[in-house]
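K.L.:
Below you can see the structure in the form of structure tokens.
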């Protein structure tokens, strides 16, 4: 029965056919002469041919060996290419990436991402998708290549990199009756109606969960999928809005609102850049998500850089 042919045997065959000498073939591959002799025995059994015949002080190739020599180099080059990591050149990349996130990210940080990506990959295309909390199936089915989101738990086969964390604050109009308080009590929070942002990552669902554990509930009067809409409503009403600290700090510069701690709620927002495991080693994806991470991490609008800006 023929012996199984492996890559090491093919390399030995190439060296033997090239040098036609056991000693030089062994030296070329860093083997002992006895190891090369064993390889020749296995090769002869595999191909049912002596391959090299001794004539005096030298070896000559059989006709079968000559046939193998002509195609062997090409075969080995093709096999070696299988083991080489794929190359990626952003300058010639025409791939479309889909990136999901909130309307806040699209409005304030998407330009930072484009500033990172487009100068190096002018032909790359980017499709931004609205993200709904918990929709990890978008990564699973490939409709989104990458997502920036808040997540308490990350499913199996979803890979990620942390972007940071912060705490919830309660946002209200500058003329709200609660504006003079340094921090809100639970009774304060429950005494007034609420607005909430209903799209993207879940920004305040944990509030309802913690309140419900004590048999309590807040009065949500309006749910809107847009941050700017929610802030406009809150700034001209007596509604309250629960937001992550870095968003509350930023929006105080854009709207006539203020933000107060709510120590009766125990929660930490954890921000992630997430992708599916199948793309983890893909060179183009690695390049793209690396630049997206850098843009989000260094953006003045991100969670990493808001401290001290209020």
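In the UniProt record's numbering, the protein residues as written are 1 to 310.
Even for Gly, the Cβ is constructed at its ideal location relative to N, Cα and C.
Being a predicted model, the structure only gives us computed values, none of them experimental.
Report the three-state DSSP secondary structure of residue 241 (helix, strand or coil).
P.N.:
Against the chain shown, residue 241 aligns to sequence position 241. If DSSP states are grouped into helix, strand and coil, residue 241 belongs with the strands.
K.L.:
Look at the Cβ atom of residue 292, then the Cβ atom of residue 273, and state whether they are nearer than 8 Å.
P.N.:
Here residue 292 is taken as the residue at index 292 of the chain shown, counted from 1. Here residue 273 is taken as the residue at index 273 of the chain shown, counted from 1. Yes; because the gap between Cβ atoms is below 8 Å, this pair is in contact.
K.L.:
Is the region 61-74 close to the region 246-266, with three or more CB pairs under 8 Å?
P.N.:
Contact fails: fewer than three Cβ-Cβ distances are below 8 Å.
K.L.:
Label residue 294 either buried or exposed according to how many other C-beta atoms from any shown protein chain fall within 10 Å of its C-beta, with 16 as the threshold for buried.
P.N.:
In the chain shown, residue 294 corresponds to position 294, counting from 1. It counts as exposed.
K.L.:
Within the same chain, show all residues whose beta-carbon is closer than 6 Å to that of residue 281, passing over the 5 residues directly before and after it, in chain order.
P.N.:
As a position in the chain shown, residue 281 is number 281, starting the count at 1. Once the five neighbours on either side are set aside, residue 281 has no close Cβ partner at all.
K.L.:
Quick check: the Cα distance between residue 36 and residue 12, rounded to an integer number of angstroms?
P.N.:
Residue numbering aside, residue 36 sits at position 36 when the chain shown is read from its first letter. Residue numbering aside, residue 12 sits at position 12 when the chain shown is read from its first letter. Distance between residue 36 and residue 12, taken at the CA atoms: about 7 Å.
K.L.:
Decide if residue 1 is buried, meaning its Cβ has at least 16 other Cβ atoms within 10 Å, or exposed.
P.N.:
What you label residue 1 is simply residue 1 of the chain shown in a count that begins at 1. Low per-residue confidence applies at residue 1: pLDDT is 45, beneath 50, and the placement is therefore not dependable, though the value from the model is reported in the following sentence. Answer is exposed; the Cβ neighbour count stays below 16.
K.L.:
Starting from residue 111, trace the alpha helix (DSSP H) in both directions and tell me its first and last residue.
P.N.:
Locating residue 111 in the chain shown gives position 111, counting from the first residue. Its alpha helix (DSSP H) spans residues 110-117.
K.L.:
For residue 21, does the three-state DSSP call read helix, strand or coil?
P.N.:
For this step, residue 21 is matched to residue 21 along the chain shown. In the structure shown, residue 21 sits in coil (DSSP, three-state: anything other than H, G, I, E or B).
K.L.:
How big is the Cα-Cα spacing for residue 234 and residue 228?
P.N.:
By one-based count along the chain shown, residue 234 stands at place 234. By one-based count along the chain shown, residue 228 stands at place 228. Distance between the alpha carbons of residue 234 and residue 228 is about 10 Å.
K.L.:
Taking its Cβ as the centre, do 16 or more other Cβ atoms sit within 10 Å of residue 290, making it buried, or is it exposed?
P.N.:
Translated into positions along the chain shown, residue 290 becomes position 290. Answer is exposed; the Cβ neighbour count stays below 16.
K.L.:
Is it buried or exposed, residue 7, if we count other Cβ atoms within 10 angstroms and call 16 or more buried?
P.N.:
As a first step, residue 7 must be located in the chain shown, where it is residue number 7. Classification for residue 7: exposed.
K.L.:
Tell me which residues share the same chain as residue 195 and place their Cβ nearer than 6 Å to its Cβ, disregarding the 5 neighbours each side in the sequence.
P.N.:
Taking the chain shown and counting its residues from 1, the one referred to as residue 195 is at position 195. Around residue 195: 222, 230, 233, 234, 239 and 241.
K.L.:
Mind the definition here: the region 123-133 touches the region 161-169 only if three or more C-beta pairs lie below 8 Å; say whether that holds.
P.N.:
no
K.L.:
Please classify residue 113 as buried or exposed, where buried requires at least 16 other C-beta atoms within 10 Å of its C-beta.
P.N.:
As a first step, residue 113 is located in the chain shown; it is residue number 113 there, counting from the start. That one is buried.
K.L.:
For residue 287, name the three-state secondary structure that DSSP assigns.
P.N.:
On the chain shown, residue 287 is found 287 positions in, with the first residue counted as 1. Looking at residue 287 - three-state DSSP - the assignment turns out to be helix.
K.L.:
From residue 24 to residue 85, what distance separates their C-alpha atoms?
P.N.:
Counted from its first residue, the chain shown places residue 24 at position 24. Counted from its first residue, the chain shown places residue 85 at position 85. Residue 24 and residue 85 have their alpha carbons spaced roughly 31 Å apart.
K.L.:
Applying the criterion that 16 or more other CB atoms from any shown protein chain within 10 Å of the CB defines a buried residue, is residue 91 buried or exposed?
P.N.:
Mapped onto the chain shown, residue 91 falls at position 91. By the Cβ-count criterion, residue 91 is exposed, with fewer than 16 other Cβ atoms from all chains shown falling within 10 Å of its own Cβ.
K.L.:
Name the two residues that bound the continuous alpha helix (DSSP H) containing residue 73.
P.N.:
As a working mapping, residue 73 is identified with position 73 in the chain shown. Unbroken alpha helix (DSSP H) run through residue 73: 63-83.
K.L.:
Helix, strand or coil: how does DSSP classify residue 104 here?
P.N.:
On the chain shown, residue 104 is found 104 positions in, with the first residue counted as 1. DSSP places residue 104 within a helical segment (H, G or I) once states are collapsed to three.
K.L.:
Once the 5 residues before and after residue 140 are set aside, which same chain residues still bring their CB inside 7 Å of it?
P.N.:
What you label residue 140 is simply residue 140 of the chain shown in a count that begins at 1. Answer for residue 140: 276, listed in chain order.
K.L.:
If you scan the region 157-213 from start to end, which runs of the beta strand (DSSP E) of 3 or more residues do you find wholly inside it?
P.N.:
158-166, 168-173 and 194-197
K.L.:
Helix or strand or just coil, what does DSSP make of residue 153?
P.N.:
Locating residue 153 in the chain shown gives position 153, where the first residue counts as 1. Looking at residue 153 - three-state DSSP - the assignment turns out to be coil, as it is neither helix nor strand.
K.L.:
Would residue 62 pass as a contact of residue 49 if the rule is Cβ separation under 8 Å?
P.N.:
Translated into the one-based positions of the chain shown, residue 62 becomes position 62. Translated into the one-based positions of the chain shown, residue 49 becomes position 49. Yes, these two residues count as a Cβ contact at 8 Å.
K.L.:
Anyone know if the C-beta pair for residue 169 and residue 109 falls short of 8 Å?
P.N.:
Numbered from its first residue, the chain shown carries residue 169 at position 169. Numbered from its first residue, the chain shown carries residue 109 at position 109. No Cβ-Cβ contact shorter than 8 Å links residue 169 with residue 109.
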